[in-house]
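Colleague: I am attaching a structure below and will ask some questions about it afterwards.
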Amino acid sequence: MNLEAFVPIIVVLMMAIVGTEISRHQLTASLRMRRALVGGTLGQLLFLPLLAVLVVWLLNPPPVLAGGLLLVAVSPGGVLSNYYCSLARLNVAFSVTLTTVSGFVALAAMPLLFAAIVPAALGIEAFGVPVAEMTSRLLLFLLLPAAAGMALRHLFPAAIERAGRTIRAFGLGLLVFFLALVFFDQRHAVVEMFGEAALLTVIFTLLALLGGWLSGSILQLNRTDGAVLAIEFAVRNVGIAALLAVTTFQQPEFAAFGALFLLFQAPVLILAFWVSRRKPDSPATGARVG
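Heads up: take any position in the sequence shown, counting from 1, add 438, and you land on the working numbering.
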């Protein structure tokens, strides 16, 4: 199978599904939390790329792994954060809105951030970063499909609501197919980078969770919404990272790292949920925004 042919199709469908999850009511309600949205979004933009550079400096992984981590770090928030927040019984509406805002901001921020941190982490001659091409691909494969999904929900709200479970199941099926496709196509690279990718993912995820939690404290969020922010910091849109890896940079190994990142991150987050739930002073449910 050809990654360059299939990944764009999968990403477009997944982003359209994300759009169908966003209602005008949710956006209106969550946008009232301006401080949390602005602070949480800016926190991700500033903290995560610097964190990735720091991890690369400290661990000195091979360039393929370093490039993959940098690309994942500058990617927008991933829709899986919404599923994790639902699993942990957190404020899903706030999570959805943060993910949405992160996606819109990524259109301008992601190419510029990647162009800025690659020389710092890998050296000025590592490889060129085509900012204009990245921006156009993000517009085509991230913003437009998500907007189309939002339009479908606005035009056919009852039908989208009735088919919600089926749509979400289809989205998860696409994610599984995406992982299987990348793992099969890059099976040799996956075997070679398996151990180091696991270490990079665990360290980045734990520090990202900590950064998100501290940001929530600085923004004076209640503990429930602070936990949402921690998850949003950690979970990245690996599909977008993989799309750019195979179409813009012709580096399918970056996509292989992204798939491993998603795979290894899940047990880390689930363990974090379990530990937080076992604490006697586990966060009480805060005020909902949607």
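Where is the CB? At the ideal position from N, CA and C, for every residue including glycine. Source: prediction; values computed, not measured.
Quick check on Gly-632: buried or exposed, where buried means 16 or more other Cβ atoms within 10 Å of its Cβ?
Modeller: The count along the sequence shown starts at 1 and reaches residue 632 at position 194. Here residue 632 turns out to be Phe, not Gly, going by the sequence shown. With fewer than 16 other Cβ atoms within 10 Å, it is exposed.
Colleague: So if DSSP puts Gly-515 in a beta bridge, which residue, or which two residues, is it bridged to?
Modeller: Counting from 1 along the sequence shown, the entry for residue 515 is found at position 77. Arg-674.
Colleague: Please state if the CB of Leu-707 and the CB of Ala-672 are separated by a distance shorter than 8 angstroms.
Modeller: As a working note, residue 672 is residue 234 in the sequence shown. As a working note, residue 707 is residue 269 in the sequence shown. Contact flag set, yes.
Colleague: Check the Cβ-Cβ distances between Met-453 and every residue of chain D, and say whether any is below 8 angstroms.
Modeller: Any reference to chain D falls outside this structure, which holds one protein chain only.
Colleague: Just the Cα atoms here: how many angstroms apart are Ala-490 and Trp-651?
Modeller: The residue given as residue 490 occupies position 52 in the sequence shown. The residue given as residue 651 occupies position 213 in the sequence shown. About 17 angstroms.
Colleague: How many angstroms separate the CA atom of Gly-664 from the CA atom of Ser-533?
Modeller: Position 226 of the sequence shown, counting from 1, holds the residue named residue 664. Position 95 of the sequence shown, counting from 1, holds the residue named residue 533. Approximately 11 angstroms, taken between the alpha carbons.
Colleague: For Ser-540, which three-state DSSP category applies?
Modeller: Against the sequence shown, residue 540 aligns to sequence position 102. Here Ser-540 sits in helix by DSSP.
Colleague: Going by C-alpha to C-alpha distance, which of Gly-611, Val-556 and Ala-710 sits closest to Gly-506?
Modeller: As a working mapping, residue 506 is identified with position 68 in the sequence shown. Taking only the C-alpha atoms, the option nearest Gly-506 is Val-556.
Colleague: Nearest to Ala-679 by alpha carbon, out of Val-476, Leu-483 and Gly-515?
Modeller: The count along the sequence shown starts at 1 and reaches residue 679 at position 241. The shortest C-alpha separation from Ala-679 is found at Gly-515.
Colleague: So what's Asn-498 in DSSP terms, helix, strand or just coil?
Modeller: On the sequence shown, position 60 is the one that residue 498 refers to. Residue state, collapsed to three classes: coil.
Colleague: If you draw a straight line from the alpha carbon of Gly-698 to that of Pro-595, how long is it in whole angstroms?
Modeller: Taking the first residue of the sequence shown as position 1, residue 698 is located at position 260. Taking the first residue of the sequence shown as position 1, residue 595 is located at position 157. The sequence as given places Leu at residue 698; Gly does not occur at that position. Rounded to the nearest whole angstrom, the CA to CA distance from Leu-698 to Pro-595 is 36 angstroms.
Colleague: Helix, strand or coil for Gln-482, going by three-state DSSP, please let me know.
Modeller: Here residue 482 refers to the residue found at position 44 of the sequence shown. If DSSP states are grouped into helix, strand and coil, Gln-482 belongs with the helices.
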